[in-house]
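*Asks:* Quick note: the sequence shown uses my numbering, first residue 27, plus one each step. Backbone N, C-alpha and C define an ideal beta-carbon position, used for all residues, glycine too.
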Amino acid sequence: MSFTPEELAALGLSLKVSLWATLLSLPLAVAMAWLLARREFAGKAVLSALVHLPLVLPPVVTGYLLLLGFGRQGWLGGALDSVGIVLAFRWTGAALAAAIMGFPLMVRAIRLGFEAVDPRLEEAAATLGAPRAQVFVTVTLPLIAPALLAGAVLGFAKAMGEFGATITFVANIPGETRTLPSAIYTYLQVPGGEAAALRLLSLSLVVAVGAVLASELLARRMAKRIGR
């Protein structure tokens, strides 16, 4: 099974988009998960619903909302364009769309990790004089490491498979925004393109299964290190 340069370019772009989407989402997902797991405040249910909204909205709707907000004529896109940051119809926009679609999955996984940690462990560290930030970094984060890894893998996998929001926001431009799902869709619309679509499908399966297996192995090692 040999891949054409166009197919390999789609794979490389998907990996780049997914990696950036995961890296950009993870810190925000940790903060949001901690807020939803550890704090009670007015409007918490509304905030949780907004975080999970991309899971229930049609992806095309999410992509169109991104186009309205981050397009060059959008209320945020115009401001970003003035400083040289263009998202619409660029791979950076594909990363943004993938990050938004995977964000709820990351938050949910990490929130479960926070809720599984006994707050008394953090309180004990705090009573010994450790600052809250130090307790969070040295105690809390290591305890939720498996959940962090699970959230990151879920976000990465969702980004690798994202199609609807991406194609609506950044279109399907070869070499710029044509990720693996977009390339598969393109080949399926072309007579005789089934073979190329099957090659990319097999490639997607290999990457997805490899990522899940690697995360499972790492999660088990982390769980052993923290005594679970």
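1. Are I126 and P80 close, meaning C-beta to C-beta below 8 angstroms?
2. Near G95, which residues of its chain fall below 8 angstroms by C-beta distance, leaving aside the five closest residues on each side in sequence?
3. Rounded to whole angstroms, what's the CA-CA distance from T74 to G218? Just pull it up for me.
4. Quick one: any contact between the region 134 to 149 and the region 202 to 221, if contact means 3 or more CB pairs under 8 angstroms?
5. Would the region 126 to 137 count as touching the region 184 to 192 if we require 3 or more Cβ pairs under 8 angstroms?
6. Whose C-alpha, out of A222, A245, G139, A240, is nearest the C-alpha of E32?
7. Tell me the rounded alpha-carbon separation between P287 and L154.
8. Is Q160 helix, strand or coil by DSSP?
9. Spatial neighbours of E273 within its chain, please: C-beta separation below 6 angstroms, excluding the five flanking residues on both sides.
10. Buried or exposed for I199, going by 16 or more other Cβ atoms inside 10 Å?
11. Taking its Cβ as the centre, do 16 or more other Cβ atoms sit within 10 Å of P172, making it buried, or is it exposed?
*Replies:* So, from the listed chains and residues:
1. yes
2. W101, L102, G103
3. Inspection of the sequence shows that residue 74 is occupied by Ser rather than by Thr. When rounded, the distance between both Cα atoms is 46 angstroms.
4. no
5. yes
6. A222
7. The structure shown does not extend to residue 287, since the chain spans only 27 to 254, so no value can be given for it.
8. helix
9. Because the chain in this structure spans residues 27 to 254, residue 273 falls outside the shown range and cannot be described.
10. exposed
11. buried
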